[in-house]
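Our numbering applies: residue -3 is where the sequence shown begins, and numbers increase by one.
For every residue, glycine included, the Cβ atom is placed at its ideal position computed from N, Cα and C.
Working notes, beginning with the structure itself.
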Amino acid sequence: MIVVFREDATPEHLERVIERIEVHGLKAHVSRGTTRTIVGYIGDESVLANVGLRAMPGVEDVIPIQRPYKLAARAFVGGGSVVRVGSAEFGGRGIVVIAGPCAVESREILFEIAGHVRERGAGVLRGGAFKPRTSPYAFRGLGQEALELLALARERTGLPVVTEVMSPGQVEAVSAKVDMLQIGARNMQNYDLLEEVGRSGKPVLLKRGLSARIKELLLAAEYILNTGNMRVVLCERGVRTFEPQTRNTLDISAVPVLKRETHLPVIVDPSHAAGRRDIVPDLAAAAIAAGADGVMVEVHPIPDRALSDADQALAFEDFDLMLGRIEAVAEAVGRGASEGSAGAEEIVIEIGRRRARLERAL
Ligand code: PEP
Ligand code: MN
């Protein structure tokens, strides 16, 4: 942490700040420039979180240098981690495609979609059972019936399935039926829910909130990791901006930023970012080019008849075309889907060992 003093700060101001910090067991390093003084402190700066340094006389600014997330930080693992869901491997050499309907609508439609995306090489089947809808009058999913259908689709195709869980009370029932739990954008900061999915031990797909900063996404992931569940995949799905041509604005920069900041795999959902099917393949290709570990897209046999998010659903032919594009990009960036994993190990770290590593990382 660095404390920057005002130009008119007095030696007494400096003394008082140093005293206040040293009481908390940190070591001060004073640098005097021609116009102003700065003081750096080494040690666990979280102990200073509530000390009120910024309000002390003579202080202009306090700049933290440690990251607020520890378990999610790339340094914690010293590289990228791999999260396995069935035979899909997020964060390995290849890319993973999650595909399926926005919501599970019927057995026939789900099986038709599952069969198609499986045949084309998707790694995970998606489908909402409990849908967070902006309007309470919109189709809100088939609930338990959809969970049963997802489990049947998995049996038929061998594809692992992911579905959204909206409240802590649903976690147990949903975990019993699916392979991966999705936390939707609207629930990214539902901390009770994050801890509950963490405790389930299931892999978690954590979507970025509609107006969440990257740091906030990583801190949300930290809630899950802190339960001892390291199987978290992050998903950039667009953020709300002033631009009305798309449903959200895909923050493509989030991909390389996240890859630098965290060891967790990162995927992109171009369907909810775009809100319109015509540009979904372009955004998917951009995501892979930017370093994403995979994409998640919505697919429907008759998109215009989809009960939710009809405008963004890809027809089967469009899905196939998109796959061709992302495979070419993946090949170009050395991540051909057929190349398999680079041999990275999945991290399964027990709490004790994790804490020890955390302390070393700090
Ligand atoms: C979804 O993926 O089904 C969904 C509702 O997305 P988001 O939470 O990103 O809006
Ligand atoms: Mn949707």
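For the beta strand (DSSP E) that residue i lies in, which residues bound it at each end?
i      : result
Phe1   : -2 to 1
Val93  : 92 to 96
Gly271 : Taken as a continuous stretch (DSSP letters only), Gly271 belongs to no beta strand (DSSP E), as it is neither H nor E.
Arg80  : 79 to 81
Gly290 : 290 to 294
Asp4   : Here Asp4 belongs to no beta strand (DSSP E), and DSSP marks it neither H nor E.
Thr247 : It is Asp, not Thr, that sits at residue 247 in the sequence shown. Taken as a continuous stretch (DSSP letters only), Asp247 belongs to no beta strand (DSSP E), as it is neither H nor E.
Val58  : 55 to 59
Ala84  : 84 to 86
Looking only at its own chain, which residues have a Cβ that is under 6 Å from the Cβ of residue i, when we skip the five neighbours before and after it?
i      : result
Ser334 : Note that Ser334 scores 43 on pLDDT, short of 50, meaning its location in the model is unreliable and no value can be drawn from it.
Gly76  : Gly87, His259
Glu151 : none
Glu11  : none
Arg32  : Phe1, Glu3
Ser337 : Note that Ser337 scores a pLDDT of 40, beneath 50, so its modelled location is shaky and nothing firm can be said.
Between the options, which lies nearest to residue i when the distance is taken from Cα to Cα?
i       : options                        : result
Asp289  : Asp274, Ala306, Leu260, Leu106 : Leu260
Thr223  : Thr30, Asp247, Ala326, Asp188  : Asp188
Val325  : Ile38, Ala169, Ala280          : Ala280
Met52   : Gly29, Glu8, Leu317            : Glu8
Ile(-2) : Thr6, Asp4, Lys23              : Lys23
Glu141  : His112, Leu106, Gly234         : Leu106
Asp278  : Ile322, Gln241, His296         : Ile322
Gln185  : Arg256, Val43, Ser27, Leu206   : Leu206
His112  : Ile94, Glu144, Val251          : Ile94
Gly96   : Pro299, Leu317, Glu327         : Pro299
Gly234  : Ser267, Arg227, Asn225, Arg256 : Ser267
Phe72   : Ala216, Met226, Val251, Thr242 : Met226
Less than 8 Å between C-beta atoms, sequence neighbours within five positions excluded: which residues of the same chain meet that for residue i?
i      : result
Arg331 : Arg89, Gly90, Ile91, Ile284
Reducing DSSP to helix, strand and coil, say where residue i ends up.
i      : result
Glu115 : helix
Ser27  : strand
Tyr65  : coil
Val47  : coil
Asp316 : helix
Asp188 : helix
Asp265 : coil
Leu310 : strand
Ser334 : Any answer about Ser334 is weak, because its pLDDT of 43 lies below 50 and its placement is not dependable; what the coordinates show is given next. Looking at Ser334 - three-state DSSP - the assignment turns out to be helix.
Val325 : helix
Glu41  : helix
Ala302 : coil
Leu177 : strand
Quick one: give me the first and last residue of the alpha helix (DSSP H) that residue i is part of.
i      : result
Ile284 : 276 to 285
Leu121 : It is not in any alpha helix (DSSP H) - Leu121 instead sits in the beta strand (DSSP E) that spans 120 to 122.
Leu10  : 7 to 18
Leu254 : 250 to 257
Asp73  : Note that residue 73 corresponds to Val in the displayed sequence, not to Asp. It spans 70 to 73 - the alpha helix (DSSP H) in which Val73 sits, taken as one unbroken run.
Give me, in chain order, the residues of the same chain whose beta-carbon lies closer than 7 Å to that of residue i; leave out the 5 immediate sequence neighbours on both sides.
i      : result
Val193 : Val161, Val167, Leu177, Ile179, Val200, Ile220
Ser367 : Only positions -3 to 358 of the chain appear in this structure, which leaves residue 367 out of reach.
How about residue i: is its Cβ closer than 8 Å to a heavy atom in the ligand PLP?
i      : result
Ser267 : What this structure holds is the ligand PEP and the ligand MN, not the ligand PLP.
Taking only runs of the alpha helix (DSSP H) that begin and end inside the region 126 to 174, which ones reach a length of at least 4 residues, in chain order? Runs found: 140 to 153, 167 to 173.
Going residue by residue through the region 192 to 238, where are the continuous alpha helix (DSSP H) segments of at least 4 residues, counting only ones entirely within it? Here the runs fully enclosed are 210 to 221.
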